[in-house]
């Protein structure tokens with residue numbers, strides 16, 4: 075209910091604002107909006123909020139004709155679904171604009187269409203978003219994750235795998251496997267966020283075996299998974315092993331025929347798993363990512379030997395270590411080992427904004443009164459923006475931040 | 205002093221004249237007339253020097269107009285400069301200037317310009333002169349075989365090309381140590397090598413092989429004489445050829461990292477795709493079904509795309525091809 079109220083208020087606000095800016099915007103946007111039926115030179119007043127906004131806020135019902143338009147993520151979903159998943163600048167934008175508007179773009183739509191058709195008895199298919207820096211890979215991943223969440227799937231979202239291979243303040247030798255290392259801080263943080271996202275699943279699912287943490291602590295078989303997660307959050311020392319146990323449980327159980335949930339594994343910056351790490355052991359020798367428990371378990375999860383779910387990943391050069399800035403293609407960032415492990419996967423290219431998408435973004439900023447500079451609303455100003463940002467989403471956002 | 209200098213002029217003039225056989229008589233006459241006109245004035249100008257006697261100044265001749273004024277435009281230049289001679293400003297009809305410019309002015313003119321005389325000139329090697337040389341040498345040359353009229357035929361009959369350089373310089377010694385270097389160039393396609401031999405040869409020679417032009421270049425300079433270097437280069441080629449045909453026992457330990465190009469068979473990619481297909485229960489278990497899976501069209505396409513990605517490096521089009529192949533296999 076409150077959502078509908080919010081929408082209505084949004085409509086009122088928008089129509090008021092639009093009437094003010096209608097003379098500017100009319101000739102520009104009628105070609106820019108996603109409404110294919112509208113002819114280019116119409117002078118008719120467009121409907122209040124469907125200029126660059128899609129009517130459809132449910133990712134499951136978005137289709138090709140919504141490409142280029144913004145849809146709003148329902149505010150109730152944001153804190154539970156994205157406690158840690160959104161890019162930092164986008165989080166600031168959400169706070170500023172008081173709404174989370176995501177642009178519907180072709181790569182995400184493509185993957186969502188595949189997800190809709192997935193056959194859950196077959197092994198999990200892996201999708202990889204790749205593209206230039208700032209072209210919208212993480213946002214496409216978040217869009218897809220929102221779809222999974224709306225479809226009531228269990229979302230296992232690792233916001234940035236690079237965080238697990240660098241800047242580790244505490245490194246403990248693993249109790250489970252002597253050659254590996256634990257990262258308690260990262261593990262607990264992740265478990266906390268995982269719990270927020272999947273609250274309702276954790277009480278339904280049960281463990282399938284007995285886990286012994288220390289001499290006196292153990293988790294019996296058949297206990298709800300929530301208890302396992304709580305164990306990890308409270309007992310920081312064994313949190314990495316808890317993460318491994320959770321992953322194993324989910325992997326095994328999603329494939330069972332009587333499982334009533336689907337598992338969506340979303341990893342951002344998956345190339346961190348096979349790259350180098352900057353963590354050093356006490357004798358200053360570098361740690362191989364393989365020697366980290368978290369990384370090891372995640373690699374097992376990404377292999378496609380389980381079924382009943384999907385694996386969606388992105389590449390990221392931004393946080394990666396020892397890779398050149400110009401690298402963006404999968405093989406460059408994944409390396410030989412990474413490519414062989416991910417193979418066969420479906421690579422999805424995320425390009426810069428197309429003309430239509432750029433128009434849409436520009437209109438959205440104008441509508442939100444983000445572009446305050448008087449010249450930014452002229453044709454010349456728009457051309458300048460195109461030139462400065464080369465239609466790269468993140469560049470455009472940074473440039474507009476000054477205006 | 206004057207007498208000395210005039211004598212010197214006279215002698216110089218005589219020497220020059222002897223070099224220029226044709227104009228001898230003319231010059232002599234000219235110098236002779238100059239001498240006759242100058243002598244009275246010279247004597248008149250120095251009456252008080254008569255006491256010196258032997259050192260009485262000889263009359264100085266005026267220089268006449270330079271020869272360049274009298275040169276015809278279509279003259280035979282090879283006759284003016286038939287051999288290598290220092291620059292003579294009065295014989296070269298070009299308004300050449302050389303040297304550091306005078307302040308606010310231009311480089312000094314050619315008359316009396318030591319800079320032009322110091323440098324070597326090639327006025328004796330004009331195209332016309334070269335043509336005459338060639339004509340003279342032609343009678344000593346053998347004719348180019350008429351059957352070898354195209355480059356392709358030359359490559360076919362004479363695949364090995366040996367290159368060495370001669371050095372000429374105006375110095376006391378005719379030897380130049382750089383003349384001993386020999387380059388031997390041969391195309392590997394013209395050698396009889398099978399697949400293994402070719403790969404081994406490329407690995408053995410390393411940097412000396414150019415992949416784009418398929419030419420192996422052996423440069424030898426370790427021996428002091430060109431003949432020795434040439435023999436050494438031929439010996440190296442022979443040894444390389446025979447060694448690359450042999451197969452050693454340790455060559456069986458060749459790993460995937462040593463391979464020159466990516467081979468899909470027995471690679472992790474093949475294992476992955478077969479495992480995936482088996483798990484998808486496309487076909488049942490069993491060895492013979494693996495063969496059947498491999499023969500499928502989608503798997504062949506997938507194999508092509510992966511091989512292309514790994515061998516040619518990455519590009520958008522290669523990625524797209526890979527994507528299509530994976531989508532087909534996974535039935536998306």
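Residue numbers (my numbering), protein chains in the order written: chain A, 75 to 477; chain B, 205 to 536. Note that CB positions come from ideal geometry on N, CA and C, so glycine has one too. Predicted, not measured: the structure shown is a model, and the values here were computed from it.
*Any Cβ of chain A within less than 8 angstroms of the Cβ of residue 466 of chain B?*
Residue numbering aside, residue 466 of chain B sits at position 262 when the second chain is read from its first letter. By this cut-off, residue 466 of chain B is not an interface position.
*By how many angstroms is the C-alpha of residue 457 of chain B removed from the C-alpha of residue 319 of chain A?*
Working through the first chain from its first residue, we reach residue 319 of chain A at position 245. Working through the second chain from its first residue, we reach residue 457 of chain B at position 253. Going by the C-alpha atoms only, they are around 41 angstroms apart.
*Can you list, in chain order, the residues of the region 361-394 of chain A whose Cβ is nearer than 8 angstroms to any Cβ on chain B?*
378, 379, 381
_Proximity of residue 211 of chain A and residue 388 of chain A at Cβ, strictly below 8 angstroms_ = As a first step, residue 211 of chain A must be located in the first chain, where it is residue number 137. As a first step, residue 388 of chain A must be located in the first chain, where it is residue number 314. Yes, these two residues count as a Cβ contact at 8 angstroms.
*Taking the C-alpha atoms as reference points, what is the distance between residue 353 of chain B and residue 421 of chain B?*
As a working mapping, residue 353 of chain B is identified with position 149 in the second chain. As a working mapping, residue 421 of chain B is identified with position 217 in the second chain. If I take the Cα positions, the gap works out to 25 angstroms.
*May I have the straight-line CA-CA distance separating residue 382 of chain A from residue 186 of chain A, to the nearest angstrom?*
By 1-based counting over the first chain, the position of residue 382 of chain A is 308. By 1-based counting over the first chain, the position of residue 186 of chain A is 112. Rounded to the nearest angstrom, the two C-alpha atoms are 16 angstroms apart.
_Within-8 angstroms CB hit, residue 129 of chain A to chain B_ = The residue given as residue 129 of chain A occupies position 55 in the first chain. No, residue 129 of chain A does not count as interfacial toward chain B.
_Residue environment, residue 526 of chain B, which counts as buried when at least 16 other CB atoms sit within 10 Å_ = Looking up residue 526 of chain B in the second chain gives position 322. So residue 526 of chain B counts as buried.
*Please state if the CB of residue 349 of chain A and the CB of residue 403 of chain A are separated by a distance shorter than 8 angstroms.*
In the first chain, the residue the question calls residue 403 of chain A occupies position 329. In the first chain, the residue the question calls residue 349 of chain A occupies position 275. Contact flag unset, no.
*If you compare alpha carbons, which of B/327, B/281, B/272, B/440 is closest to residue 291 of chain B?*
Taking the second chain and counting its residues from 1, the one referred to as residue 291 of chain B is at position 87. That would be B/327, whose Cα lies nearest to the Cα of residue 291 of chain B.
*Which residues does DSSP pair with residue 342 of chain A in a beta bridge?*
Locating residue 342 of chain A in the first chain gives position 268, counting from the first residue. According to DSSP, which records beta bridges pairwise, residue 342 of chain A is partnered with A/388.
*Give me the Cα-Cα distance between residue 369 of chain A and residue 438 of chain B, rounded to the nearest whole angstrom.*
As a first step, residue 369 of chain A is located in the first chain; it is residue number 295 there, counting from the start. As a first step, residue 438 of chain B is located in the second chain; it is residue number 234 there, counting from the start. Going from the Cα of residue 369 of chain A to the Cα of residue 438 of chain B covers about 57 angstroms.
*For residue 405 of chain A, decide whether its Cβ has a neighbour in chain B, counting only Cβ atoms nearer than 8 angstroms.*
On the first chain, residue 405 of chain A is found 331 positions in, with the first residue counted as 1. So yes, residue 405 of chain A belongs to the interface.
_Whole-Å CB distance - residue 423 of chain A paired with residue 205 of chain A, under 8 angstroms assumed_ = Looking up residue 423 of chain A in the first chain gives position 349. Looking up residue 205 of chain A in the first chain gives position 131. Yes, residue 423 of chain A and residue 205 of chain A are in contact; Cβ-Cβ is about 6 angstroms, under 8 angstroms.
_Assuming contact is defined by CB atoms lying nearer than 8 angstroms, are residue 405 of chain A and residue 397 of chain A in contact in what I supplied?_
Translated into positions along the first chain, residue 405 of chain A becomes position 331. Translated into positions along the first chain, residue 397 of chain A becomes position 323. No, the pair does not count as a contact, with Cβ atoms beyond the cut-off.
*Within its chain, find whatever has a CB closer than 6 angstroms to the CB of residue 142 of chain A; leave out the 5 residues flanking it on each side and keep chain order.*
On the first chain, position 68 is the one that residue 142 of chain A refers to. Cβ within range, chain order: 108, 430, 431, 434.
*asked:* Within the continuous beta strand (DSSP E) that includes residue 36 of chain A, where are the two ends?
replied: One cannot answer for residue 36 of chain A here, as it falls past the ends of chain A, which runs 75 to 477.
*Can you find a CB in chain A that lies within less than 8 angstroms of the CB of residue 505 of chain B?*
Residue mapping note: residue 505 of chain B aligns to position 301 of the second chain, counting from 1. Chain A places no beta carbon closer than 8 angstroms to that of residue 505 of chain B, leaving this residue out of the contacts.
_With a threshold of 8 angstroms between beta carbons, is residue 314 of chain A in contact with chain B?_
Start at 1 with the first residue of the first chain, and residue 314 of chain A comes out as number 240. By this cut-off, residue 314 of chain A is not an interface position.
_Short of 7 angstroms in beta carbon distance, which residues of its chain neighbour residue 425 of chain B, apart from the five on each side in sequence? Order them along the chain._
Position 221 of the second chain, counted from the first residue, corresponds to residue 425 of chain B. Excluding the 5 residues flanking it on each side, residue 425 of chain B has same chain C-beta neighbours closer than 7 angstroms at 384, 385, 433, in chain order.
*Just how far apart, CA to CA, sit residue 377 of chain A and residue 342 of chain A?*
Reading the first chain from its first residue, position 303 is the one you call residue 377 of chain A. Reading the first chain from its first residue, position 268 is the one you call residue 342 of chain A. Straight-line Cα distance between these residues: approximately 16 angstroms.
*Spatial neighbours of residue 270 of chain B in its chain, beta-carbon cut-off 7 angstroms, leaving aside the 5 residues before and after*: Locating residue 270 of chain B in the second chain gives position 66, where the first residue counts as 1. Within the same chain, residue 270 of chain B has close Cβ partners 294.
_Alpha-carbon spacing of residue 379 of chain A relative to residue 309 of chain A, whole angstroms_ = Position 305 of the first chain holds residue 379 of chain A. Position 235 of the first chain holds residue 309 of chain A. Straight-line Cα distance between these residues: approximately 31 angstroms.
*Beta carbon of residue 459 of chain A nearer than 8 angstroms to that of residue 436 of chain A*: Taking the first residue of the first chain as 1, we reach residue 459 of chain A at position 385. Taking the first residue of the first chain as 1, we reach residue 436 of chain A at position 362. Yes, the pair counts as a contact, with Cβ atoms nearer than the cut-off.
*Compute the beta-carbon to beta-carbon distance between residue 202 of chain A and residue 138 of chain A, rounded to the nearest angstrom, for a pair I have assumed lies under 8 angstroms.*
In the first chain, the residue the question calls residue 202 of chain A occupies position 128. In the first chain, the residue the question calls residue 138 of chain A occupies position 64. Rounded, the Cβ-Cβ distance is 22 angstroms, inconsistent with contact.
_Here's a check: name, in chain order, each residue in its chain whose Cβ is nearer than 8 angstroms to the Cβ of residue 194 of chain A, leaving out the five neighbours to either side._
If you number the first chain from 1, residue 194 of chain A lands on position 120. Within the same chain, 336, 381, 382, 383 come within 8 angstroms of residue 194 of chain A by CB-CB distance, once the 5 residues on both sides are set aside.
*Please confirm if residue 420 of chain A has its CB atom under 8 angstroms from at least one CB of chain B.*
As a working note, residue 420 of chain A is residue 346 in the first chain. For residue 420 of chain A, the answer is yes, since a Cβ of chain B falls inside 8 angstroms of its Cβ.
*Specify the secondary structure class of residue 391 of chain B as computed by DSSP and reduced to three states.*
Residue 391 of chain B sits at position 187 when you count from the first residue of the second chain. Residue state, collapsed to three classes: strand.
_Can you find the residues in the same chain that come closer than 6 angstroms, C-beta to C-beta, to residue 364 of chain B, ignoring five residues on each side of it along the sequence?_
Locating residue 364 of chain B in the second chain gives position 160, where the first residue counts as 1. Around residue 364 of chain B: 390.
*Given a cut-off of 8 angstroms, decide if residue 444 of chain B and residue 405 of chain B are closer than it, judged by their beta-carbon atoms.*
For the purposes of this step, residue 405 of chain B is taken as the residue at position 201 of the second chain. For the purposes of this step, residue 444 of chain B is taken as the residue at position 240 of the second chain. Yes, Cβ-Cβ distance for residue 405 of chain B and residue 444 of chain B is below 8 angstroms.
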